[in-house]
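What follows is one structure encoded as structure tokens, with my remarks underneath.
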Amino acid sequence: MRIADTQLSCLKKLCHFSIIKSAKVDSKELTLVMTDTLKYDDKGLIPAIVQDAGTGEVLMVAYMNKASLSQTLQSGYTHFWSRSRQKFWKKGEQSGHVQEVKQVLVDCDSDTLLIKVIQHGPGACHTGHRSCFYTDINGQEIAAKVFSEEQVYGK
1 MRIADTQLSC LKKLCHFSII KSAKVDSKEL TLVMTDTLKY DDKGLIPAIV
51 QDAGTGEVLM VAYMNKASLS QTLQSGYTHF WSRSRQKFWK KGEQSGHVQE
101 VKQVLVDCDS DTLLIKVIQH GPGACHTGHR SCFYTDINGQ EIAAKVFSEE
151 QVYGK
């Protein structure tokens with residue numbers, strides 16, 4: 001079934017809308033339509049805020065391109081583009097602390113994603129913390145580590 005132009009036009013005008021409601025997207029066409037309507041930066045990237053679907057806690061911020069977003073939507077697990085390593089990565093590929101996608105939202109400007117996940121494993125941050133936001137503006141650590149990065153990553 002093709003998405004009519006009027007339906008696509010309506011989708012583009014929505015401020016906050018859900019791309020997916022469960023772990024996987026059934027329609028590849030819908031995925032392509034949605035990823036093509038987003039506003040990527042000049043490097044083809046879009047910021048993705050990752051939030052715990054149950055608690056609302058912000059776990060991390062990473063960047064996606066069309067390919068990593070499509071892989072995320074098709075697999076039901078978060079995939080990102082590493083700006084420092086210049087390669088794709090699946091969250092948890094080394095640690096096993098994967099993020100199961102429950103919902104993806106787009107902001108009103110279509111230039112930022114909010115990804116609601118179930119965080120498998122104790123934490124999302126490579127430093128051993130549950131969230132990457134564990135330091136306040138004064139540099140004080142406000143959250144304890146939930147796993148040893150040395151044991152998980154062998155650092």
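Read in order, the letters of the sequence shown correspond to residues 1 to 155 in UniProt numbering.
We put the CB at the ideal spot given by N, CA and C, even for glycine.
Environment of residue 182 [buried if 16+ CB atoms lie within 10 Å]:
Limits of the chain in this structure are 1 at one end and 155 at the other, which puts residue 182 out of reach.
For G121 and G154, believed in contact at Cβ under 8 Å, the rounded distance:
Translated into the one-based positions of the sequence shown, residue 154 becomes position 154. Translated into the one-based positions of the sequence shown, residue 121 becomes position 121. Not quite, the Cβ-Cβ distance comes to about 16 Å (not below 8 Å), so this is no contact.
Below-9 Å beta-carbon distance, A48 vs any chain C residue:
Of the protein chains in the structure, only one exists, and it is not chain C.
Within this structure, are the beta carbons of L38 and C132 separated by less than 9 Å?
The residue given as residue 38 occupies position 38 in the sequence shown. The residue given as residue 132 occupies position 132 in the sequence shown. No. Outside cutoff.
Alpha carbon to alpha carbon, how far is R85 from E150?
Locating residue 85 in the sequence shown gives position 85, where the first residue counts as 1. Locating residue 150 in the sequence shown gives position 150, where the first residue counts as 1. Cα-Cα distance, rounded: 20 Å.
Measure the alpha-carbon distance for E57 versus V146 and round it to whole angstroms.
Here residue 57 refers to the residue found at position 57 of the sequence shown. Here residue 146 refers to the residue found at position 146 of the sequence shown. Taking the straight line from one Cα to the other gives about 15 Å.
Which of the three DSSP states, helix, strand or coil, is assigned to T35?
Mapped onto the sequence shown, residue 35 falls at position 35. T35: helix per DSSP, three-state reduction.
D111 to V152, Cα distance in whole Å?
If you number the sequence shown from 1, residue 111 lands on position 111. If you number the sequence shown from 1, residue 152 lands on position 152. Going by the C-alpha atoms only, they are around 33 Å apart.
In DSSP terms, what D52 is bridged to
As a first step, residue 52 is located in the sequence shown; it is residue number 52 there, counting from the start. Partner(s): V117.
Quick check: what's the CA-CA separation for Q51 versus T35?
The count along the sequence shown starts at 1 and reaches residue 51 at position 51. The count along the sequence shown starts at 1 and reaches residue 35 at position 35. Spanning the two alpha carbons is a distance of roughly 20 Å.
Identify the continuous beta strand (DSSP E) that holds S70 and give its terminal residues.
Against the sequence shown, residue 70 aligns to sequence position 70. First-last for S70: K66 to S75, but that is the alpha helix (DSSP H), not the beta strand (DSSP E).
Which partner residues does L45 have in the DSSP bridge list?
Stepping through the sequence shown from its first residue, residue 45 is reached at position 45. For L45, which the question treats as bridged, DSSP gives no partner whatsoever.
Are V98 and K90 close, meaning C-beta to C-beta below 9 Å?
To locate residue 98, count along the sequence shown from 1; it is residue 98. To locate residue 90, count along the sequence shown from 1; it is residue 90. Against a cut-off of 9 Å, the Cβ pair of K90 and V98 comes out as a contact.
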